Every structure is written in structure tokens, then in C-alpha cells.
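Structure record follows, encoded as C-alpha cells.
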Ligand code: PHE
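In our numbering, the protein residues as written are 54 to 399.
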């Protein structure tokens, strides 16, 4: 067999050998076998000097072609193995986007917060701004500036938690009225003040030592009791339904004069009388009145120039009526079974 044929055969054998290779280690070994010092090409090269110039030329050419062929076969195999490796990695690291995700237990907005948000929406829609104040108040703002001087008997109803002789947990959101009046320096006001209040009350189904109020204050020129009645009626209808009526009963608050207790016709029976309204057809919902002149004066307003009204409502009471909740303590105990009941409400 001629050397040329030897080389052609070597190329074929090398190709076949590379084709059988399964991994990079085997590939490296085959490379050494065919292109290394002990390979067929090296042997032929070593034998070159025994050949004639003519033969050398021919063998040189053929061995170059063979060497190139073997290198190409090696490169092709290396690429094939590399591609395989990358594809395996891609396959392994693939994210299956069709896989079902984790389900998280979704919470709900607390019925009290929902009630506050609904009420805020209602009032903002009527042009009110939201005003807030501190829960740790001073005796001055919580009582004195609301016409409840020290020793006033009406303080009894609003006994609260004292930090010292002057600082206390506010028993009503009314101090925000006085604070806002001082800020506005005699100018018209239309605000609601939502927030937490505290009282020295024993907890039961309808009382809590901590609850939420929303207070409203409207001050301007020529505001009368008729404006108050109109405002209360629209609030009652927005909150409890367009068919509601209201009834004002004389009452007493030191900071309003005259003062009224506001009843709303029972939303459950429409006013006919049922257990919810204790057979009366009416439910007491708000306290209200025309702002007392003394309160206006104490906060720098001239009652001859500017008058107005205030009202206060218990948020828990509204939520209890709206959702038919019979125990105020349900709002605070964070029983998930209770909270879950409000999932479908919205
Ligand atoms: N602040 C009063 C209370 O807590 C409620 C109220 C507010 C009454 C405004 C009249 C006007 O009892």
C-alpha cells in the first residue's frame, strides 16, 4: 500500500474514531492518537527524509490535506460536544412557566377601615377636606377650648386616660376642630376629622375603651340650622340608602348650641319597626349642632361674621349598622373567621 493510501485510510479511521467519541476526555485522547507525536502523521513525517524529492512533494501535500481533515473532524466533534453541553444546561435551567404558582391567602380590608374609606369618599365628594390631629391631646384642646372647663359636669361622659394633669388620650376628635380653627384664623372651614378616640368605659357589646369617630365642621357666612339639617340628610342617605329620613331631637353638647341627636330611619325595616331599631323605626346615629359662640370666640372667630355647624359620628356604630354586626369587640379581636365574612362585600 502506498503512503498516500495509508494517509487516506488514516483520515477515514480518524473520522470514524471521532464519531465514536462520547465526551471531551475521549476526544482529547483521540486527538493525541491521530495528531500527536505517536500518531500516523508524525510517523510519516519522520520518514520523509528517506523519500525522493518527488515523493516528498506528493506525500507532503497529502499529509497536509490529511492533517487538515483530521483537525476539521476534531473541531466539528468539539463543537458538537460543546453544543450538547449548552443544550443540556438550557434544558436543566429551563423555567416551566406553565407550572401552577403558589397561592397566597389574600386578606381583606378591615370592615372599619372600609367604612372610614367609604365615609371619606362621601365627604370628599361633598367638598370636605380631611383634617387630623394627635391622639395624645392636651386638656386645653380636648376640653377647655370646646367649652368644657375644668369641673364641668359634661366631662364625666368623656372621662379618659390621663398621662399627667395636662396630657390625655383624646376622648373625641373635636379637638381637631379647635386646632383647625386656630390654623385658619377666622376663615371658612369645611373639614372632617376621622380618628381614634379613648374613653374610660368598660368594654361590652356596644362600648369600647378605644373606638373611632368622624367629626365634621363647617364654618362660613350665614350658615344656619337649615344647612345642618340638609347636610345631615344627605349624609344619612349616602351612608344608609336614598330612602332614609332623619329626625332631630334636642340634645346637649357643650360645644354646640343648639344641639341635636340625629336619628336615621331604620334601613332594615324602612321605619316600620323591627328588632334592629327596637321597634321604634329610628336609629340614633349622630350628634350635631350649631357651633357654640364661645367655642368660635375661643379659637379666634367672630360669631357675628362666621357661624357654622359640627357633627360627630361613631365609625363602629355606622359599620355595625351597615354590616349587621352585633358586638363591637368583633372589630378588635382580629378573628380571621370574622374578617373573612367581608370578602364578598366588595
Ligand atoms: N364629640 C361629640 C362626642 O364625642 C360628638 C359631637 C361632635 C356632637 C360634634 C356634636 C357635634 O360625643
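Note that CB positions come from ideal geometry on N, CA and C, so glycine has one too. Keep in mind the model is a prediction, meaning the values are calculated, not measured.
In three-state terms, what does DSSP make of residue i?
i: residue 292; result: helix
i: residue 332; result: coil
i: residue 398; result: Unreliable positioning characterises residue 398 in this predicted model, as indicated by a pLDDT of 46, which lies under 50. A coordinate reading is not provided.
i: residue 104; result: coil
i: residue 247; result: strand
i: residue 376; result: helix
i: residue 155; result: coil
i: residue 259; result: coil
i: residue 201; result: coil
i: residue 85; result: helix
i: residue 282; result: helix
i: residue 214; result: coil
Given a cut-off of 9 angstroms, decide if residue j and residue i are closer than it, judged by their beta-carbon atoms.
i: residue 342; j: residue 317; result: no
i: residue 381; j: residue 264; result: yes
i: residue 96; j: residue 83; result: no
i: residue 221; j: residue 192; result: yes
i: residue 368; j: residue 267; result: yes
i: residue 168; j: residue 371; result: yes
i: residue 111; j: residue 77; result: no
Who are the near neighbours of residue i in its chain, counting only those whose CB is closer than 6 angstroms to its CB and skipping five residues on each side?
i: residue 323; result: none
i: residue 208; result: 201
i: residue 219; result: 191, 192
In chain order, what residues of the same chain have a beta carbon less than 8 angstroms from the beta carbon of residue i, not counting five sequence neighbours either side?
i: residue 141; result: none
i: residue 129; result: 71
i: residue 347; result: 200
Can you give the Cα-Cα distance for residue i and residue j, rounded to whole angstroms?
i: residue 172; j: residue 232; result: 22 angstroms
i: residue 366; j: residue 338; result: 7 angstroms
i: residue 17; j: residue 246; result: There is no way to answer for residue 17, as the model of the chain reaches only from 54 to 399.
i: residue 364; j: residue 161; result: 30 angstroms
i: residue 104; j: residue 74; result: 35 angstroms
i: residue 114; j: residue 144; result: 45 angstroms
i: residue 404; j: residue 146; result: Residue 404 lies beyond the residue range present for the chain, which begins at 54 and ends at 399; the question has no answer from this structure.
i: residue 116; j: residue 67; result: 13 angstroms
i: residue 447; j: residue 228; result: What the structure shows of the chain is the stretch from 54 to 399, and residue 447 is not part of that stretch, so it cannot be assessed.
i: residue 278; j: residue 362; result: 8 angstroms
i: residue 321; j: residue 327; result: 8 angstroms
i: residue 332; j: residue 170; result: 31 angstroms
i: residue 387; j: residue 353; result: 44 angstroms
Excluding the five sequence neighbours on either side, which residues of its own chain have a C-beta within less than 7 angstroms of the C-beta of residue i, listed in chain order?
i: residue 299; result: 285, 286, 289, 315, 316, 317
When you compare the CB of residue i with every CB in chain C, is at least one pair closer than 9 angstroms?
i: residue 72; result: In summary, chain C is missing from the structure at hand, where a single protein chain is found.
*Should the region 150-158 be regarded as contacting the region 184-204, the criterion being three or more beta carbon pairs within less than 8 angstroms?*
As far as the Cβ criterion goes, the region 150-158 does not touch the region 184-204, which means the pair count is below three.
*Report yes or no: do the region 211-224 and the region 273-291 share at least 3 C-beta pairs separated by less than 8 angstroms?*
Contact fails: fewer than three Cβ-Cβ distances are below 8 angstroms.
*asked:* I'd like to know if the region 386-398 and the region 301-308 are in contact, where contact means that at least 3 CB-CB pairs between them fall below 8 angstroms.
replied: Short answer: they don't touch.
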